[in-house]
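In what follows, a structure is listed as structure tokens, so that the remarks can point back to it.
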């Protein structure tokens, strides 16, 4: 519920960051991320999730509780092969639906 996987790839020449909830597989796709934001990776991802929750209609108090419950943010490697495989499949599906004309890096290889 509190774990999110991320994956950066290129589709049609644009950087696309997939942010995927490890429990629900709810996915946020971000494009055109400025390189300077990678210096604050964890804070940036948290901000994106916060914004999506606001757009979904959650109250600030609920969003605050969501981020407070798990404690401090930690960036780790992966949730294992099943999670990586699921993200790879999703990325390939997006790639194919967009014409398949650009290289797509798979999770775990970049």
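Numbering (my numbering), first residue to last: -13 to 96.
We treat Cβ as the ideally placed atom computed from N, Cα and C, and that holds for glycine.
Just so it is clear, the structure is predicted and the values come from calculations on it, not from any experiment.
Identify, in the order they occur along the chain, each residue of the same chain with its Cβ nearer than 8 Å to the Cβ of residue i, setting aside the five sequence neighbours on each side.
{"i": "residue -10", "result": "5, 6, 7, 8, 31, 35"}
{"i": "residue 39", "result": "48, 49, 52"}
In this structure, does DSSP put residue i in helix, strand or coil?
{"i": "residue 30", "result": "helix"}
{"i": "residue -12", "result": "coil"}
Using alpha carbons as the reference points, say which of the options lies closest to residue i.
{"i": "residue -2", "options": "47, 11, 18, 39", "result": "18"}
{"i": "residue 37", "options": "14, 73, -6", "result": "14"}
{"i": "residue 72", "options": "10, 24, 42", "result": "10"}
{"i": "residue 26", "options": "0, -4, 80, 59", "result": "59"}
Excluding the 5 residues preceding and the 5 following residue i in the sequence, name in chain order all residues of the same chain whose CB lies nearer than 7 Å to its CB.
{"i": "residue 23", "result": "30"}
Rounded to whole angstroms, how far is the Cβ of residue i from the Cβ of residue j, which I believe are closer than 8 Å?
{"i": "residue 28", "j": "residue 2", "result": "Going by Cβ atoms, the distance from residue 28 to residue 2 rounds to 19 Å, so no, they are not a contact pair."}
{"i": "residue -12", "j": "residue 55", "result": "7 Å"}
Inside the segment -1 to 58 only - alpha helix (DSSP H) runs reaching at least 4 residues: Fully enclosed alpha helix (DSSP H) runs of 4 or longer: 27 to 41, 46 to 54.
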